[in-house]
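Some notes on the structure that comes next.
In the working numbering, the protein residues as written are 91 to 361.
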């Protein structure tokens, strides 16, 4: 079986890199490098092990359980595949190939999934608006997209997140590979594969590690969810994507026009 065929099988089953590793016994970093193309000529014995894992009864059973396969044919992925996983370290997370769509939360790997065009356009629009205003006002904070956050390097609770967008004002924690801790402002755009994580686990992590403000854009329900961690008395605030909204930690001096975001979501794109 060729690498291309193995990737097609993996995608049809809806099985993550992490669980491919668990099923095949091949280290997750090795699989990530093979699937990303960093390892140009993987050994055939490694590909055979991956294929056996993906064809195992356990893989098929899990795939059917989580809605990827029915009894007779494969379907497009519909649900997040997340069975029990082994613990991983921050060093393993750090060693993943550049561009890997994986986060580490309390020693567990979670696949983020590739961003859709709508998802990416929302991030780009918000980034552009905030960056333009900070620059116009001569501000020193830095808006960034896709930067890794190092939260915990401990053996069992290693945590490294990759939020969609952040604003960094404390540059002392900015390193070459990642930001150590959580920036003042964090934003995530929800997708079907990350709803529960962004709304639950990651929200608590951002609060625990010192974020001042956390925004969540929900394209499906066309709403903005805001957590003001400087004042928990009204959390969360849920708003429609209309008008504009100022950033709390900027005392409203920096704001986001929500109309373009609604326009991006409403655009009629072909399947």
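Note that the Cβ used here is the ideal one computed from N, Cα and C, for glycine as well.
*Could you check how far apart the C-beta atoms of residue 335 and residue 323 are, in whole angstroms? I think they sit under 8 Å.*
Between residue 323 and residue 335 the Cβ distance is about 18 Å, and since that is not below 8 Å, they are no contact.
Beta-carbon separation of residue 288 and residue 247 under 8 Å? no
CA-to-CA distance, residue 307 to residue 349, given in whole angstroms:
13 Å
Considering only their Cβ atoms, is the gap separating residue 315 from residue 331 smaller than 8 Å? No; because the gap between Cβ atoms is not below 8 Å, this pair is not in contact.
Starting from the C-beta of residue 199, find all residues in its chain whose C-beta is less than 7 Å away, skip the five residues before and the five after it, and write them out in chain order. Only 108, 118, 175, 178, 192 meet the Cβ criterion.
* Of the residues 123, 133, 223, 210, the one placed nearest residue 182, counting alpha carbons only -> 123
**Request:** Could you please give me the residues that DSSP links to residue 313 through a beta bridge?
**Result:** 308, 330
- Task: Give the range of the beta strand (DSSP E) segment to which residue 105 is assigned.
- Result: From DSSP, residue 105 is part of no beta strand (DSSP E); its letter is neither H nor E.
*Which residue or residues does DSSP assign as beta-bridge partners of residue 60?*
No statement about residue 60 is possible, as the shown extent of the chain runs from 91 to 361 and does not include it.
| query | Any idea if residue 320 is buried or exposed, counting beta-carbon neighbours within 10 angstroms, 16 or more meaning buried? | reply | exposed
Close beta carbons around residue 209, own chain, < 7 Å, minus the five adjacent residues each side: For residue 209, where only same-chain residues beyond five positions count, the Cβ hits under 7 Å are 279, 281.
### Query
So does the stretch 228-236 actually touch the stretch 253-271, counting three or more Cβ pairs closer than 8 Å?
Short answer: they touch.
Exercise for the section: With distances taken Cα to Cα, identify the nearest neighbour of residue 93 among 120, 203, 125. Expected result: 125
query = Could you check where the alpha helix (DSSP H) with residue 144 kicks off and where it finishes?
reply = Start and end: 134-145.
- Query: If you drop the 5 nearest sequence neighbours on each side, which residues of the same chain put their C-beta closer than 7 Å to that of residue 161?
  - Reply: Interpretation of residue 161 is limited by its pLDDT of 35, a score under 50 that renders its predicted location unreliable; no figure is taken from the coordinates.
query = Going by other Cβ atoms of all chains shown within 10 Å of its Cβ, with 16 needed for buried, is residue 112 buried or exposed?
reply = buried
Minimum C-alpha distance to residue 241 - residue among 229, 294, 228:
Residue 294 is the option with its Cα nearest to residue 241.
Residue 116 and residue 129 closer than 8 Å at C-beta:
In this structure, residue 129 does not lie closer than 8 Å to residue 116 by Cβ.
### Message
Going by DSSP in three states, residue 232 sits in which element: helix, strand or coil?
### Response
strand
Problem - When 360, 224, 103, 215 are compared against residue 362, the one with the closest alpha-carbon - result: Outside the displayed range of the chain (91 to 361) lies residue 362, so it cannot be described from this structure.
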